[in-house]
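Working notes, structure below.
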Amino acid sequence: RAGVLLGHAVTSQPRMKLSPLAHIDKAHDDGVWAVCWSVDPETGEGVLLTGSVDEGVRTWRSTDDGLEMTHSYIGHTLGVVSLAASADGCLVASSALDSHVRVWNARTHETRVVIATPPGENWHLGFIPDSTQGGGGSSLLAVAAGAAKAVKVYDVSEGDSCGAEKITLKLPDAGTSSGFSSGSDVTGCFAMALAVSNDGSRLVCGAADGVVAVFDVGTGKFLHKLEGHNQCVRDVTFSPDGKTVFTACDDGHVHVYDAHNRSLLESLSGHEGWVLGVSASRDGNALATCGADAKVKLWDIRERRCAQTSSSQKEAVWGVAFGGTSDVLATVSDDKSVATFQYVA
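So this is what it looks like as structure tokens:
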């Protein structure tokens, strides 16, 4: 049976911490709902991307004075709900409430493709690394397809097939032992969130009914469910080695799963309300979460305890993201702000 870790701030000196780096109060003109890190394909330096209800996607670079906006992607006509970047930094993708997914060339800022979906069928995004491209390139984009109750994978390579749907990964039902309903084509629930393992072999999707489903990317086969939630799963992520899955849920818990043996290792509690985002540090030792309670929590995975709680933002914190090439955590909030912290192990 998994233990429950109470998420109160510890009074003893933590072994890991977050030190404030930058805080931009009005980073956007409305609430900021999406965040991710990319790399500059020329310099290899980290690039921060944020997406907002103001319909914009902005890129930022770190400076001695904090953060400096370097570009603004436009084209969406409603709020941006998710962002993703290919591992080599060459492609940036955004998903918005206008039922469009937009993919840009990060070098030229030109639009690669615009994918129009039925209403409510584009939520979280994730690039699938191409094992044939040594630099971390990607020609496939996974989309949590919301009302379609599935994950749809699109071709985003250059060429005539760009924007074409390649495969559909159907979500399982919450209440069946096999995962799928008998005699019905309607399965699963609203597909909210997804993550792809760093090696591109596994994909995990979280749904509004609490289902967390793991798929084999190469075959498109549903492997198994991760049990424990019965409310909306807002965000999911893999550990850097792909062995662990972390989930953020409306039930106020963050679950830690063995991705292969499908066992619940730990249930972390401490947020007062919905947990909206989750991100793992690149050393695999820390987890950052954020919630509707306007708090960001840093968890020590080895000791399974809350190491620190930050309340630097005034409204719901919708996203957290550790840098893939640095130990910097970025957080975005409904109060229009973007903040960064130095993670110290």
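Using the working numbering, read the sequence shown as starting at 18 and increasing by one per residue.
A virtual CB, placed ideally from N, CA and C, is assigned to each residue, including glycine.
- Annotation: Ser343 to Ala102 spans about 16 Å, alpha carbon to alpha carbon.
- By the C-beta density criterion, Glu138 is buried, having at least 16 other C-beta atoms within 10 angstroms.
- Residue state for Leu188 is assigned as coil, using DSSP reduced to three classes.
- Our two residues, Arg299 and Val168, have alpha carbons roughly 26 Å apart in a direct line.
- Per DSSP, the continuous beta strand (DSSP E) segment holding Val349 begins and ends at 345-350.
- With contacts defined by Cβ atoms closer than 9 Å, Leu315 and Phe263 do not form a contacting pair.
- Taking 3 residues as the minimum length, the beta strand (DSSP E) runs contained wholly in the stretch 42-120 are 49-56, 63-69, 74-80, 83-90, 97-102, 108-113, in order along the chain.
- Ala297 and Phe339 do touch by the CB rule: their CB atoms are close to 7 Å apart, below 8 Å.
- DSSP, reduced to helix, strand and coil, places Cys179 outside both helices and strands of the structure shown, so it counts as coil.
- The three-state secondary structure of Gln325, taken from DSSP, is strand.
- Between Lys242 and Pro189, the beta carbon gap of about 6 Å places them in contact (Cβ cut-off 8 Å).
- Following the DSSP letters along the chain, one finds Met33 in no beta strand (DSSP E), marked with neither H nor E.
- Leu285 carries a strand assignment under DSSP once its states are collapsed to helix, strand and coil.
- If you draw a straight line from the Cα of Lys331 to the Cα of Ser178, it comes to about 45 Å.
- Pairing Asp310 with Ala324 gives a Cβ-Cβ distance that is not under 9 Å.
- Its chain contains Gly227, Val229, Thr264, Cys266, Asp268, His272 as the residues whose beta carbon lies nearer than 7 Å to that of His246, once the 5 sequence neighbours on both sides are disregarded; these appear in chain order.
- For Leu95, the number of other beta carbons within 10 angstroms of its own is below 16, and it is reported as exposed.
- Just so you know, the alpha carbons of Val52 and Leu281 end up roughly 27 Å apart.
- Taking the Cα of Thr348 as reference, the smallest distance to any Cα among Thr60, Val49, Leu240 is reached at Val49.
- By the criterion of a C-beta distance shorter than 6 Å, Thr134 is surrounded in its chain by Ser116, once the five residues flanking it on both sides are discounted.
- The C-alpha of Gly180 lies about 14 Å from the C-alpha of Leu142.
- A distance below 9 Å separates the beta carbons of Cys249 and Ala224.
- For Trp121 and Trp291, the gap between their C-alpha atoms comes out near 32 Å.
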